[in-house]
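Numbering (mature numbering (1 follows the signal peptide of the UniProt record, and there is no 0)), first residue to last: -26 to -1, 1 to 102. Even for Gly, the Cβ is constructed at its ideal location relative to N, Cα and C. Model, not experiment: these values are computed from the prediction. To start, the structure under review is shown below, and the notes come after it.
Shown next as structure tokens:
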């Protein structure tokens, strides 16, 4: 089985949520983990935009999380999987989408080549 399937399932749900997001003063992005394993969404803002939710967090199977996106925010969101972090330090690794060994990406992009969804709110520009 392709090890990227959980991340791709997460990404498809993310893209569907973003497809319904239109220009407004703020948008709420709903992230719902429909995978059978825990995923860690990674969030990377575009240059000059705010880092949201410290750039990442843990999302248990079937858990949902609402993320408020500021007006005209732009950036990328991807699902990290196969992660293990030290609770005391927040350091560790993810099998896919790793953020330089950190639980909270804080603006760092994911590697190796995760599937990402991106958007620019309020600009009528959507890139996938």
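inquiry  = Quick check: the Cα distance between residue 23 and residue 42, rounded to an integer number of angstroms?
reply    = Roughly 14 Å between the two C-alpha positions.
inquiry  = Is there a C-beta anywhere in chain C that falls below 9 Å from the one on residue 17?
reply    = The structure shown contains no chain C; it holds only a single protein chain.
message = Let me make sure I understand the geometry here. Which of 67, 73 and 8 has the alpha-carbon closest to that of residue 34?
response = Residue 34 has its Cα closest to that of 8, out of 67, 73 and 8.
query = Nearest to residue 44 by CA position, among 53, 79, 20 and 57, is which residue?
reply = Looking only at 53, 79, 20 and 57, the smallest Cα-Cα distance to residue 44 is reached by 20.
key: Chain-order list of residues whose beta-carbon lies under 7 Å from that of residue 25 (same chain, five-residue window excluded)   = Correct list, in chain order: 19, 80 and 81.
query = Which residue or residues does DSSP assign as beta-bridge partners of residue 13?
reply = Looking at the DSSP output, residue 13 shares a beta bridge with 33 and 55.
task = Assign residue 69 to one of three DSSP states: helix, strand, or coil.
result = Looking at residue 69 - three-state DSSP - the assignment turns out to be coil, as it is neither helix nor strand.
key: Three-way DSSP call (helix, strand, coil) for residue 62 in this model   = Note: residue 62 maps to coil in three-state DSSP.
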